[in-house]
Amino acid sequence: MKKIVLLFLFCVSVSFSQEYFPTNTGVKTTKNTTVAFTNATIFLSPTKKITKGTLLIKDGKVLNVGKKVTIPKEAKIVDAKGKFIYPSFIDIYSSFGIAPVKRASGRNRGPQYDANRKGYYWNDHIRPETDPLSSFSFDPKKAKELINSGFGVVNSHLEDGIMQGNGILVALNSDASNAYRVLDQETSNHLSFSKSKKSGQSYPTSRMGAMALIRQAYLDADWYSNGYSKNSDLSLEAINKNKNLPQIFNAGDALNALRADKVGDEFGIQYTILGGGDEFERIQDIKNTNATFIIPINFRKAYDVSNKFLAEVISLRDMRKWNQEPSNPAMLAKNGVNFALTTHKLKSVKEFNKNLQKAIKYGLDKTKALEALTTIPAGILNNNKIGNLNTGSYANFLISSGDLFDSKTTIYENWVQGNKNVINDMNIPNLAGSYMVSVNGKTYNLEISGKGNKQKGEVKLGDKKLKSTFSFKNDWIQLAINDEGKYLRLAGTVVNDSNGMSGTGTDHYGNDVTWNASKQVKKSKNRKDAKKKADNKSPKLVAVTYPNVGLGNSFKPVSQTILIKNATVWTSENDEVLTNTDVLVKDGKISKIGKNLSAGKAKVIDGTGKYLTAGIIDEHSHIATSAVNEAGHNSTAEVTIEDVVDPDDINIYRNIAGGVTSIQVLHGSANPIGGRSAIIKLKWGENAENMIYNNTPKFIKFALGENVKQSNWGDRQTIRFPQTRMGVEQVFIDYFQRAKEYDAKKKSGQPYRKDIELEAIAEIINKERFISCHSYVQSEINMLMKVAEQFNFNVNTFTHILEGYKVADKMKEHGAGGSTFADWWAYKYEVNDAIPYNSAIMHRQGVTVAINSDDAEMSRRLNQEAAKTVKYGGLTEQEAWRTVTINPAKLLHLDDRTGSIKVGKDADLVLWSENPLSVYSKAEKTIIDGAIYFDIEKDLQKRKDIKAEKAKLIEMMLKEKIGGAPTQVPSKKHKILFHCDTE
């Protein structure tokens, strides 16, 4: 196909037709393309410069470059004395010339579960076979915008789908055909987390689903390459064909960059990652990826905070980002992260250079800036013919009046493939500056600004501004001055190398006059004044916190030696309560428990009159995640919440303020077999990986009832199996049987197609992975226990389990635990029989019972939820407290590590102001692995700091607005709080 396209392109070539093509429109001549630029300062690369050098080009390439270059007789010579020549820029992430995809029609007809293409992968969002050249159409208007911004080459691709196909390298040569300006037909392979607009196929519906799909596609491509497939698959063939190309992944922000890198690492692939401009927030994690990044510089505008009430809806994080984003390139460079810059996400390419100047003002080194636009993108593409001016490279270069990134520099020309594009006529002198104009015995002040043909002037007499007109065209100055109704009309030329002007004119009475003007040299100030002025102009950045939100930490908490003295200790061990007791924490563990303990340089905390407990554990939570449901299939065991842990979620902080130290982040209840869990410690300020338990127990979410059979999904969601509770049972039996057969084949040593979904389900059968099952109705609870026993394993936990009191004896016999609400009932039909005595009844039958939240707000008050079991069912205080500490630890197979105060266990502790079950009790300090993550006194200080920082940023934004800078209207962002049934 590509050969046919290129053949066509060659046939239509006009400006760059081949030498053997006949000419029927006139005399055939050969165009002389040899040009020598002499006496220039030439940057062969960002770090290699030649002064008073010569650049010789021919046929779109650099023929020679250096201080002593022999110039052929036929060469056109351009004297570039005083001019600077740089390689033209490369935009490595572009969709230039490729029309955006329109969303597929028919989205309101109901879900699409199967692919609509034959001969390709089973999922329509995997499209690695996409060839952008087949739909490429050169856009002269867009090309001119890019050329005027300094770009000579773009790497373009069709931005659609999870696997998007290859890129093409295009020179922005408007005078050539595609046959000449398409430099490379297969430059890179592109991926993203976003689905294709060409298909309505449901799966994946989440970020974790997209990650699982990429993994499975890679596995299938490897399996296919070994010849095991019975059918042809053009998508898998393309994955294998493109695997040696540079792999570019559109992540879009820092957290997703880390997620993309994680997938790449699993398969030995080092992605080049398109970031989101927020990499500075997690700079060390970004550095640890070892990836090269592509960075957009679409810095946000200041918010219009002139309206007090609208200003209040802007989060501190958004205010900070306005302030901090321009420092992102400098921060990356400072930390040794390789990166290229791109125009991607800019509303207009014209904003690029202005934003680049801003990045430089915020600390980006000019050499690094040039590298990010030349040698680094060229290196990513493994192309040594672009991004430099070495002999043999493409003749893509800029001619400027001086330092390319100086705000006063004028870019004159951008040559692409040896073809000249004039941006500002270099033969027009730059007159910008202040002049004293003498005419008829008066002296006027003329201030000239602008560049090239767009230079303009303003005239003053003393401090008074006069009406005037000014133009400079074809080497002639035309100046008219209205001096209190008396007009002067002056004409003249530039003299003394643009430092003066002279000419003739006509005064108010029609008399001829002569005039002259001299440029005023500003007096240089002493070094101290200059430094002070520079410091005043330096941008003031607010500090980045961990995470970079209002209640983030200035420094990441670290484990300490802590001695808590004279507290009432609820151990959660055999209902034991220790009064006036000391607890020593060392190396992240509980080291000693006793009275009158001492420990050298330990941080001493007075616990007199206070209560010390193990940290609360929430067995069923949906905070700290970027996604909760993968609803695209009836089984999604291949996805894992670990892929989408969100360490920036403010609910983490709110939970530690409520004494919660560990949670199980569960998949939702969109399908009978859901995704795998993430069990995490709420280490506020850490990255996602460091929050996940080491050697974490393996869990997976199952679900029963209304949600999985789509009873409440709407009239269009009626085609996915199962639609009945009977069907749910058959889904379980089918998948367990298939997993059993899969596991047997795997263990037999025969070749097999690795299936991530069946791997996870086989782990259940092998008792390596545990089920937490969303459940309500006793009949279904019985059903799942029987299915499990049929396949010789047991259900670990029934969560919600609001009819658990009806089957508590059977749960005990089966070995299942119950994680329930304290007092939720009648919020939907299948909960009609729920009672608040449920937990106490199950407990008395010997079932391990935990109280959970399933809610971001309730999880902050789980101590109070536990207290309700005293009211409903008469549990003792210690029995009640165990429902949120050691019992959930047992259900999560973590009771050997946490959940109680015992020597050797993790130092996950909470110091309460009074009895933890009291509605008046507050968590004063929350300790995780020996580090203090919440301190109520520091919390009060943080709130004061937030108020002061907001006031400071608002003042800075008001200054921007009053100074005439563009602003944006404030808008409030509503955070979605996830539950089991959140889509």
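This note's numbering numbers the first residue of the sequence shown as 136 and each following residue consecutively. All C-beta atoms, glycine included, are put in the ideal place defined by N, C-alpha and C. Note that the structure is a prediction, hence the values are computed from the model and not measured.
Contact fails between the region 295-305 and the region 805-822, because fewer than three Cβ pairs, one in each stretch, are under 8 Å apart. F415 counts as buried, since no fewer than 16 other beta carbons sit within 10 angstroms of its beta carbon. Taking the CA atoms as reference points, N1022 sits about 19 Å from H757. T775 and D878 have their C-alpha atoms roughly 20 Å apart. Within the region 704-739, complete beta strand (DSSP E) segments of at least 3 residues are found at 712-721, 724-729, given in chain order. By the Cβ test, the region 759-779 is in contact with the region 798-808, since at least three Cβ pairs between them sit closer than 8 Å. By DSSP's assignment, W1016 forms no beta bridge with any residue. DSSP places I515 within a helical segment (H, G or I) once states are collapsed to three.
Taking the C-beta atoms as reference points, G399 is found nearer than 8 Å to Q405.
By the neighbour-count criterion, in which a residue is buried when 16 or more other Cβ atoms sit within 10 angstroms of its Cβ, R394 is buried.
W959 carries a coil assignment under DSSP once its states are collapsed to helix, strand and coil. For D357, the enclosing alpha helix (DSSP H) starts and ends at 342-360.
Per DSSP, R811 is one residue of the beta strand (DSSP E) stretching across 808-811. Take T859, set aside five residues on each side of it, and the residues of its chain with a beta-carbon closer than 7 Å to its own are K844, in chain order. When beta bridges are read from the DSSP output, N324 appears opposite N301, Q382. Residues T544, T545 of the same chain have their beta carbon placed closer than 6 Å to that of S536, with the five preceding and five following residues left out of the count. The region 408-439 is shown to contain whole beta strand (DSSP E) runs of 3 or more residues at 428-431, in chain order.
When L893, D319, S1048, R342 are compared, the shortest CA-CA separation from N517 is found for D319.
Cα atoms of A985 and T955: separation of roughly 6 Å, rounded to the nearest angstrom.
The Cβ-Cβ distance between T760 and T1020 does not fall below 8 Å. A straight-line Cα-Cα distance of about 25 Å links H1028 and R789. Three or more beta-carbon pairs separated by less than 8 Å are not found between the region 639-659 and the region 672-685, which leaves the two stretches without contact. Ranked by how close their Cα comes to the Cα of K503, the residues N463, M343, V684 have N463 in first place. Counting of Cβ neighbours within 10 angstroms places E548 among the buried residues, the total reaching 16 or more. In terms of Cα proximity to M1091, the closest of D413, Q872, Y438, P431 is Y438. With contacts defined as CB atoms closer than 8 Å, Y256 and S367 fail to qualify as a contacting pair. Under DSSP, Q247 takes part in a beta bridge, and its partners are Q336. DSSP places W457 inside the alpha helix (DSSP H), whose first and last residues are 451-459. C-alpha of P857 to C-alpha of G1065: approximately 48 Å in a straight line. Per DSSP, E754 is one residue of the beta strand (DSSP E) stretching across 751-756. A straight-line Cα-Cα distance of about 35 Å links Q336 and N929. Judged by pairs of C-beta atoms under 8 Å, the region 492-509 does not touch the region 265-272, as fewer than three such pairs exist. About 5 Å separates the Cβ atoms of E460 and F434, confirming a contact at the 8 Å cut-off. Burial state of W611 is exposed, judged by a 10 Å Cβ sphere holding fewer than 16 other Cβ atoms.
In this structure, DSSP gives V930 a state outside helix and strand, which the three-state scheme calls coil.
A contact is defined here as three or more CB-CB pairs under 8 Å, and the region 164-180 meets this definition with respect to the region 207-216.
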